[in-house]
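Taking it in order: structure first as structure tokens, then the write-up.
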Amino acid sequence: MKRLALIAAACVIAVPAYAQTVATVNGKALTKDKLDQFVSLLVAQGAQDTPELREQVKQEMVNRMVAVQAAEKAGLDKQDAVKQELELARQGILVRALMADHLKKNPVTDAKIQAEYDRIKKEQSGKQEYKLRHILVKDQKAAEDLTASIKAKKVTFEAAAKKDSLDPGSGKNGGELGWGPASNYVPEFAQAVQNLKKGQMTDKPVQTQFGWHIIQVEDTRAAQFPELKDVKPQIEEMLRQQQLADFQQDLMKKATIK
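Positions in the sequence shown are counted from 1; adding 829 to them yields our numbering.
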């Protein structure tokens, strides 16, 4: 059971004699308090506190106590490599606890989320989205010939894309790329898109790292910004990560490092 992997070697810590014991392993007690602690940890992660879960946790803790005692008897805890790994694990646990404590004391509030949402929305205001088609070919001559054929109405853009485009995703759909900002594309492609108006096609093919493109702007519109409810989890996580990064940077500034 994966959840039980969270149960650590703390199982073997000595406890007061008055603590209720649920099992003993080679004379060392496993207390109800310790069992309750780990059950609570699993419940916080979505498990149901049932007699079956408690029995599984108890058995796993006993198994670990047996294994830890055997490892200590063999002197494995004295090996340099094992001591280093234990120290790294201890450091990792402490760092996670420190960050969790900081977030608990400095929660990301709805007001902070709203403010960040408003900032991003304002930043994005006035930007355009484009409904595009493109045809990708290997060399310039082929792209120029296709451009001429489309302009002369010898073939439609959609038919040319289905027949000749090297882009497997859009080619089969007549070159359709759908709606999106120009920034979705590599710089050369994006610049060409921004220079086109609704209904226009590039007069000359555009070269990118992928080959030569013929681009058509089917339509344009003001950039659509999602509702807060649709992006709230992402904004909250972004703010949490930024808060932790700032906290870490502040710790580094205050530390004496030589």
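Ideal placement from N, C-alpha and C gives every residue a C-beta, glycine not left out. All values reported here derive from a predicted model rather than from experimental measurement.
- By the Cβ test, the segment 952–961 is not in contact with the segment 1035–1042, since fewer than three Cβ pairs between them sit closer than 8 Å.
- In the displayed model, Leu961 falls within a strand according to three-state DSSP.
- The three-state reading of DSSP puts Gly1009 in strand, counting E and B together.
- In the structure shown, the three-state DSSP call for Glu1047 is strand.
- It is roughly 38 Å from the alpha-carbon of Asp1032 to the alpha-carbon of Glu1056.
- Of all C-beta pairs linking the segment 995–1004 to the segment 1062–1069, fewer than three are shorter than 8 Å, placing the two stretches out of contact.
- Between Glu1047 and Leu961 the beta-carbon gap is near 7 Å, inside 8 Å, which marks them as a contact.
- Closest in C-alpha terms to Arg883, from the list Gly1007, Val851, Lys857, comes Val851.
- Counting only the Cα atoms, Gln908 lies some 31 Å from Ala1084.
- Shortest Cα-Cα distance from Lys992 to any of Lys933, Ala971, Trp1008, Ala1052 involves Ala971.
- The C-beta distance from Pro1010 to Lys956 rounds to 6 Å, short enough to fall under 8 Å.
- Nearest C-alpha to Lys1026 among Ser1012, Ile1044, Glu1017: Ile1044.
- Looking at the DSSP output, Ala852 bridges to Leu859.
- Judged by DSSP secondary structure, Gln1077 falls within the alpha helix (DSSP H) whose first and last residues are 1057–1083.
- Secondary structure at Thr976: helix, using DSSP grouped into helix, strand and coil.
- Annotated three-state conformation of Gly955 is coil, per DSSP.
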